[in-house]
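J.: Quick note on numbering: full-length UniProt numbering labels position 66 of the sequence shown as 66, and the sequence is numbered without any gaps.
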Amino acid sequence: MKYLLTSNGITNASIRAALERMLGKPIAESTALLVPTGAHPFPEGPDMVRGVTDGTVGGPLSRIGWRSLGVLELTALPTVRRDQWEAAVRGVDALLVWGGDVLYLVHWMRESGLADLLPELHDTVYLGVSAGSITVTPHNCDAAFDLRFVPDGSDMGRDAERALGLVGFALYPHLGHPDMEDASLERIAEWAADIPAPVYAIDDDTALAVVDGEVEVISEGTWERLEPRP
């Protein structure tokens, strides 16, 4: 699978150009499925799901000119014949995995079976946004926050610090965002000090393109790569 991991979607011309290179054709000729599942745990989740679907919440994602766009709701997949939803996933050019709660998104990636399918989708672009990007890394930088939304009696919080590990680095989005006190480089570096992998801290104008394991930084903004301790 090809990964384009963003902080806030397709926010500038450089990231858009990288997406079209990875698709191998214009966005206007490409098909996609949107995954809004990560928004559900939050009190405002229903409004967030509506907004990301119609393009009124978050950065540019659903309204960037796709030839066709459908919605893939992960929580529904266990109740649907696998051959039906898998055919839909295999038939599109891109999966648009929005943000929200990393822990919840990782859980439903696994429960739905999509996590096992992703490595088989060699020509598909995984376009992550915030939590959707963190989900495919080995480490969840939002674990402490996400644990607040785990239902009473659920074991969903087990190994909350771990994500899917489909790429070999960790990611911290929204670097320097004025409304996120944990997104300063100093706070990110504190977290990264305990991570046994490189950590990319990226702002909302930066993305990471990963093809065949090779990482390319696409940026019109600010980013840092923090190395693991020896």
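Here a beta-carbon is modelled for each residue, glycine too, at the ideal position from N, C-alpha and C.
Whose C-alpha, out of Asp159, Gly157, Ala88, Pro173, is nearest the C-alpha of Gly128?
T.: Pro173
J.: Which same chain residues, not among the five before or five after Ser62, have their C-beta less than 8 Å away from its C-beta?
T.: Leu34, Val52, Thr53, Asp54, Gly55, Leu69, Leu96, listed in sequence order.
J.: Could you spell out the range, first to last residue, of the alpha helix (DSSP H) harbouring Thr53?
T.: 45 to 54
J.: Tell me, please, whether the stretch 119 to 127 touches the stretch 74 to 85 by the rule of three or more beta-carbon pairs shorter than 8 Å.
T.: no
J.: Looking at C-alpha atoms only, which residue of His107, Thr31, Leu23, Glu111 is the closest neighbour of Gly157?
T.: Looking from the CA of Gly157, the closest CA among His107, Thr31, Leu23, Glu111 belongs to His107.
J.: Would Ile134 and Leu166 be called neighbours here (beta carbons separated by less than 8 Å)?
T.: no
J.: Run through the DSSP bridge pairs and tell me what Leu96 is partnered with.
T.: Leu34, Leu127
J.: Using 8 Å as the threshold, is the C-beta distance between Ser130 and Leu74 below it?
T.: no
J.: Kindly identify the DSSP beta-bridge partner or partners of Ser68.
T.: Ser68 is bridged to Thr31.
J.: Whose CA, out of Ala183, Val57, Ser30, lies closest to the CA of Gly91?
T.: Ser30
J.: Does the Cβ-Cβ distance between Leu164 and Val136 come in under 8 Å?
T.: yes
J.: Measure from the alpha carbon of Asp212 to the alpha carbon of each residue in Gly24, Ala39, Pro119, then state which is nearest.
T.: Pro119
J.: Among Leu185, Tyr104, Asp182, Ala193, which residue has its Cα nearest to the Cα of Asp155?
T.: Tyr104
J.: Here's a check: name, in chain order, each residue in its chain whose Cβ is nearer than 7 Å to the Cβ of Ala160, leaving out the five neighbours to either side.
T.: Only Leu103, Asn140, Ala143, Asp146, Leu147 meet the Cβ criterion.
J.: Hey, how far is the Cα of Trp98 from the Cα of Pro230?
T.: Each residue's Cα considered, the two are about 34 Å apart.
J.: Whole angstroms are fine: how far does the CA of Ala183 sit from the CA of Gly65?
T.: 31 Å
J.: When we look at the beta-carbon of Val89 and count the other beta-carbons within 10 Å, is it buried (16 or more) or exposed?
T.: buried
J.: Residue 243 bridges to which residues according to DSSP?
T.: Because the chain is modelled from 1 through 230, residue 243 falls outside the range shown and cannot be assessed.
J.: Compute the beta-carbon to beta-carbon distance between Gly58 and Thr11, rounded to the nearest angstrom, for a pair I have assumed lies under 8 Å.
T.: Actually they are not in contact, since the Cβ atoms of Gly58 and Thr11 sit about 10 Å apart, beyond 8 Å.
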